[in-house]
Structure formats: C-alpha cells, structure tokens
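For what it's worth, this note's numbering labels the leading residue of the sequence shown as 1359, then goes sequentially.
A virtual CB, placed ideally from N, CA and C, is assigned to each residue, including glycine.
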Amino acid sequence: MIRVGVIGVGTVGTSVVKILEENSDIIEARAGSKIIVKTGAVRSLEKARGLSIPLTTDPYDIVNDPEIDIVVELMGGAEAPYAVVKQALQNGKAVVTANKAMLAYHRYELQDFAGDLPFEFEASVAGGIPIINALRDGLSANHIESIVGIMNGTCNYMLSKMMHEGVAFDAILKEAQALGYAEADPTFDIGGFDAAHKLLILASIAYGIDAKPEDILIEGIEAVTQDDIYFAKEFGYALKLLAIAKRDGDEVELRVHAALIDANEMIAKIDGVMNGISVVGDKVGETLYYGPGAGGDATASAVIANIIDIARSGRKSRPMLGFDRPLEHGLRLKAKEAIRSKYYLRLKVVDEPGVLAQISKIFGEHTISIAAMLQNSIDSRYANLLFSTHTAHERDIQKVLLELEGLHFVAAKPVMIRIV
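Structure representation (structure tokens):
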C-alpha cells in the first residue's frame, strides 16, 4: 500500500483525492499497489470540502509523518513550498508537485536534494498534457531544436475572443475573471509570468539551461488592442501569447511575449482555454501536444500519473531534469538584446505632413527595413500607423522605440509585437 499526503487541498488537491477514490480499481491495477490519501493539509479547516480524509493546517504534519510515502505539494507560491518540499526530501520521501513557480526558481537545488529519491512534476506545465514525459523520455534521443507553446489558457481565451468576436481587452478581462479563468489580480497570467515559469522548466529538460525568470525576456498582452487585431487579420496572422525556446548553435534563446504567427500554422488554430506545444527534435521533426492546460481534474490527472509512476518503479528514480550527467558541451542562454525577429509596431501620431518621412528615417538609421504599413485614422487629428519590419536585432528595435517615443508628434507610447 502507498500512503500519500496532499499539501494544499484546493481545486486540484480536492480532485486528486476524489479521483484516487473514484478510480481506485484502475489506478491500483496500473500501479500494482493500493494508493490512499492518509492526510491533507489546508490553510483553514472552516471551508467545507466534502472529503473524508483527515485534515491539518500544518504541512509539516505530513512531511514528518513516517507512514507517508509520497508528499504531493499543491500549495502555490515559491519560497514556503520550497522549504516544505526540501524537508520532505530530507526525510526520505518521494515528492510530486504541480508548482511551476517553485520549480522556476529552485528546480536545480531540488534536484540536488532529491538525489535518488523520486521527484515528479508533470502537472507543473500545461496541466493534463504529458509534455514533461514527452521531453524527458519520449524525445530523449533528440537534440531539441525548438519549443513553441501556448502555455497560458487565460491569455489564449482572451486573445481568441478578441480575434474572433472583436471584444475589447478590458471587457474580455472582466469576463475571464467572472468565469474564473483570471484571478482578481490577473498580472501573473496576462503579464506572461505564468508561461515563463513553465518555459524555464521545459528548457531545463530540453537544454540543461539553469535560468531564472529575471534572466529571460518576458512580456504580456496588456497593450494589445483591436488595432493590432485589425493588422493581424489584414496580413493573415493570428495573435497569441507564446513561450519560445530555440537553439541557435551553442546558445538558447528563451522568451515569452505576444506574437503574430501565420494563421495557417497548427498552433495558431488552438483557441479558448486550451494549451498547445510544438516541439521540434533533430531526428523526429515536429511533434504537437494539445489539451487542457489547467482545471482541477486535468491537472490532478497528471499528478496521479506521477504517483502511479513512483508506485510502479518501486521508488527508483530517473533523472529529475532529464540528464544523468551534464552535457559535454553545455549550452548557454542567449542575451535578450541578441534575439532576432520580425516586428510589428503601432504608433499613435498627430496626422500632419512629414510624419512618415521622419519615422522612416529613424528605422533606416538603425538598419531596420519596413516590410508593410497600414494607416488607421482615429479622428481628424490622430492616426494609428501600423508597421511590420523585416528581421532585425532586439537591441536595434528597442533603440527605435525609444527614439520614436521622444518625437513631438507621437501621442502615446509605441506598441511593439514580435512576428514569429
């Protein structure tokens, strides 16, 4: 019998407990052992959860319980869970977590603490999609050339509505909050941080890269308007929040941002709250993974799959981040300013003679070539100028943006979206 302790019995934790009970027959048949939840840890005992398991408000009651074999950490946050999980590993317990924030900051320390103990985290990226196992096991013979993913269902829902129904950003954000897709403070989702945490986890498995969120390019979707949607539709693009990892020689670029992508690409067709991740291996080519990126049952499904893996293995571990030993020729993180991309810019300008000539001159001075331009009049005084460029360096486009913002006829901060 395998005894489990669940730390954090919220939406996902409650689903874990219920699924282990409701599907106990098939789970036992697949795991080779009966799996029961011995104790759950919660912030407050006052909330009714409809569960029969004993509850505590102290996670260390679970961590220090000698009868518990596997600690399932579903607390959320980074530092407090890290301390709890570290203690669990030091007590010799296997760990399963869905905590992307903790792993974004502490995955390598936890790998060291885990040693030969099982440490599984499938549910930390893309909910019910088995992308961790795909990278760590299924594609382990490949050098990974790129990972491009829609990894935040909240942003994908909002951008899908803006694209297909013409809804304004503020209106769709309120709707997403009302539906429970976005939090009261939505910054973590719409600012790109949630997707960035997931990208860092995947990059460690694919490339052995030890980077923190502060080291990579992270932008959200807060500045997107229907003017940008108009440009996208005119030129055959879809607009998505993408998490991108791409190998270039001995460097890996990591970035999260709103992106215009060809509307015919498979990943462009992933709408609503769904997630989709494209992985290109040097031997297998492109593989695409699609499914629910969040939700109690979907995420719990991945958590329980990890518990079953541990039960089957007899507590023998595999490399937590996919490498038994460091790569002989390690890869390094590409500097943000060295990234190359095509770009889209939106400028609100005073509608007067000479404006286009001055803007074109600034682009030319920074060796950036304009590929297309649209003018969208706002009123008798102002117009939106919408540009796309040929491929340029990030450092150069940032200099252009700074110069444009200082021009007397530019009436608002310029908006830039990368074209992938």
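- Under the criterion of beta carbons closer than 8 Å, N1500 and K1641 qualify as touching, at roughly 5 Å.
- Apart from the 5 residues on each side of it in sequence, S1562 sits with its Cβ closer than 8 Å to the Cβ of R1465, Y1466, D1568, L1679, G1680 in its chain, given in chain order.
- Ranked by Cα distance from G1651, the first of N1633, L1685, N1664 is N1633.
- A straight line joining the alpha-carbon of L1557 with that of V1637 spans about 12 Å.
- Residue pairing of I1394 in beta bridges, as defined by DSSP: R1361.
- Between L1600 and I1619, the C-beta gap is smaller than 9 Å, which places the two residues in contact.
- Between L1612 and L1691 a beta carbon distance of about 7 Å is seen, short of the 8 Å cut, so the two are scored as contacting.
- Classified as buried, H1555 has 16 or more neighbouring CB atoms from the shown chains inside 10 Å of its CB.
- Every unbroken stretch of the alpha helix (DSSP H) spanning 4 or more residues and falling wholly within the stretch 1500-1551 is given here in chain order: 1511-1523, 1527-1536, 1545-1548.
- The beta strand (DSSP E) runs of length 3 or more contained entirely in the stretch 1713-1777 are, from start to end of the chain, 1728-1735, 1740-1747, 1773-1777.
- Ranked by Cα distance from A1529, the first of V1631, G1578, M1516 is M1516.
- The beta carbon of A1542 is closer than 8 Å to those of Q1535 in its chain, skipping five residues each way along the sequence.
- CA-CA distance, T1725 to R1753, rounds to 11 Å.
- Taking the C-beta atoms as reference points, D1586 is found nearer than 9 Å to L1597.
- Under the three-pair Cβ rule at 8 Å, the stretch 1406-1413 does not count as touching the stretch 1436-1451.
- Below 8 Å, enough C-beta pairs join the stretch 1735-1747 and the stretch 1697-1714 to call them touching: three or more.
- Taking the C-beta atoms as reference points, F1527 is found nearer than 9 Å to E1580.
- Apart from sequence neighbours up to five positions away, the residues of its chain that approach T1749 with a beta-carbon distance below 7 Å are R1698, S1699, K1700, ordered along the chain.
- A Cβ-Cβ contact shorter than 9 Å links V1454 with I1665.
- Cα atoms of R1605 and D1552: separation of roughly 22 Å, rounded to the nearest angstrom.
- Assigned with DSSP and collapsed to three states, M1632 falls in strand.
- Annotation for P1417: the continuous alpha helix (DSSP H) segment containing it runs 1417-1421.
- Per DSSP, V1443 is one residue of the alpha helix (DSSP H) stretching across 1437-1448.
- For H1615, the three-state secondary structure derived from DSSP is strand.
- One thing to note: Y1539 has its Cβ no nearer than 9 Å to the Cβ of L1689.
- Contact check for I1360 against P1417 fails: the beta carbons are separated by 9 Å or more.
- Apart from sequence neighbours up to five positions away, the residues of its chain that approach K1591 with a beta-carbon distance below 8 Å are M1521, ordered along the chain.
- Selection L1560, I1755, P1424, D1737 evaluated against A1462 yields L1560 as nearest (Cα-Cα).
- With fewer than 16 other Cβ atoms inside 10 Å of its own Cβ, T1415 counts as exposed.
- Taking each of C1513, P1677, V1506 in turn and checking the Cα distance to L1646, the smallest one comes out for V1506.
- Contact between I1502 and G1649 is absent: CB atoms are separated by about 20 Å, not below the 8 Å threshold.
- A Cβ-Cβ separation of about 13 Å leaves L1378 out of contact with I1668 under the 8 Å criterion.
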